[in-house]
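Chemist:
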Amino acid sequence: MTEKKIICFKCNKELVPKKTYFNYLEHSFFTDILSCPDCGEVFISEELVKGRISEVEMQLEDK
Ligand SMILES: [Zn+2]
104 MTEKKIICFK CNKELVPKKT YFNYLEHSFF TDILSCPDCG EVFISEELVK
154 GRISEVEMQL EDK
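In case it helps, my numbering puts the sequence shown at residues 104 to 166.
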């Protein structure tokens with residue numbers, strides 16, 4: 104995994120990964136989302152969400 108540093112533009116602090124709960128299409132999962140330790144602002148890349156969602160969708164199709 105490549106480490107990409109993302110900085111909170113409000114606090115100027117480095118975002119840290121935090122386990123976050125997602126619910127999509129009646130399926131829920133935890134994933135690490137970068138969030139600001141100060142203000143809690145989260146950074147969700149479309150890539151990340153789409154990646155996880157396609158995993159969930161593949162699991163559905165397998166059944
Ligand atoms: Zn912040």
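Note that CB positions come from ideal geometry on N, CA and C, so glycine has one too.
The structure presented is a predicted model; accordingly, all values stated were derived computationally and were not measured.
1) Any idea if serine 148 is buried or exposed, counting beta-carbon neighbours within 10 angstroms, 16 or more meaning buried?
2) Span of the beta strand (DSSP E) holding valine 120?
3) Might you give, ordered along the chain, the residues of its own chain that have their beta carbon closer than 8 Å to the beta carbon of isoleucine 110, omitting 5 neighbours on each side?
4) Anyone know if the C-beta pair for serine 138 and lysine 121 falls short of 8 Å?
5) Compare the beta carbon distance of arginine 155 and threonine 123 with 8 Å and say whether it is the shorter of the two.
Modeler: Looking at the coordinates:
1) By the 10 Å Cβ count, serine 148 comes out exposed.
2) Going by the sequence as given, residue 120 is proline instead of valine. In the DSSP annotation of this structure, the continuous segment of the beta strand (DSSP E) that includes proline 120 starts and ends at 119 to 127.
3) Excluding positions up to five away in sequence, the list reads Lys116, Glu117, Leu118.
4) In contact: serine 138 and lysine 121 (Cβ atoms closer than 8 Å).
5) The answer is no: Cβ separation not under 8 Å.
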